[in-house]
Amino acid sequence: MEDATDFLTARLASLATDNPLRIYVMACTFDLDDVAQLAAKEVLRQKAYTTTAVIPELDTITAGVYYRLLRYCGSNGLAEEVLSFVHPPAQSSPGIDSAAQNGDTSRSITNAPHPFDREDADIVLCSSDLVHFRVHSAILRMASPYLRDKLTESSQELPDCCKESTTALRSLPVITLAEDSLTISSLGCLL
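Heads up: the sequence shown is residues 19 to 209, going by the numbering used here.
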């Protein structure tokens, strides 16, 4: 079985020059970070990140995975903090502190600054480093199929990380995301 997996992984990597964005998406989908890195280098070399062509497979990856590719390409391949394209960095944001690492999240929740502090928001996005983004669900639904699905699944039940939060937050649905606050903030500014 390992021989077949190795063969298919090598074949996927060999296709990176023909269609690097599609191979990047497939590599990230199947948790093949080494192939994703190879495809990202090819995306940068071909400047495929500037294309206006519709690539339906992009709808299947998270915004964080795509953001890491754009960050890598935007820095001309010098983004050293992109250690993995498939997984978010463990501690890349200054918002995380020792209380959150020890499981005590009641003191570490913070609110995102403007423009993600809307009083008229109808949803809260909670980042992996426990920063709350008060935003409008209509914009998220239009911008991302992934977030549209998460909004459809969301319930009024607060995640464990948010139980000790303010009472104003309790009336809004909360969606917990795997991405850190820096990633969510950067992507949110693009909307």
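Every residue, glycine too, gets a C-beta built ideally from N, C-alpha and C. Fair warning: this is a prediction, and the values are worked out from it, not measured in the lab.
Going by other Cβ atoms of all chains shown within 10 Å of its Cβ, with 16 needed for buried, is residue 41 buried or exposed?
buried
Tell me where the beta strand (DSSP E) around residue 104 begins and ends.
From DSSP, residue 104 is part of no beta strand (DSSP E); its letter is neither H nor E.
Pick from 81, 190, 47: whose alpha carbon is nearest that of residue 207?
81
Output the distance between the C-alpha atoms of residue 145 and residue 128, rounded to the nearest integer angstrom.
10 Å
Can you tell which of 46, 35, 53 has the C-alpha that lies nearest to the C-alpha of residue 25?
53
Cβ distance (whole Å) where residue 85 is taken to contact residue 201 below 8 Å:
5 Å
Which residues does DSSP list as the beta-bridge partners of residue 142?
152, 192
Simplified DSSP assignment, three categories, for residue 114:
Confidence in residue 114 is poor, its pLDDT being 39 and thus under 50, which makes the residue's placement unreliable; the coordinate value appears in the next sentence. Of the three classes helix, strand and coil, the one that applies to residue 114 here is coil, per DSSP.
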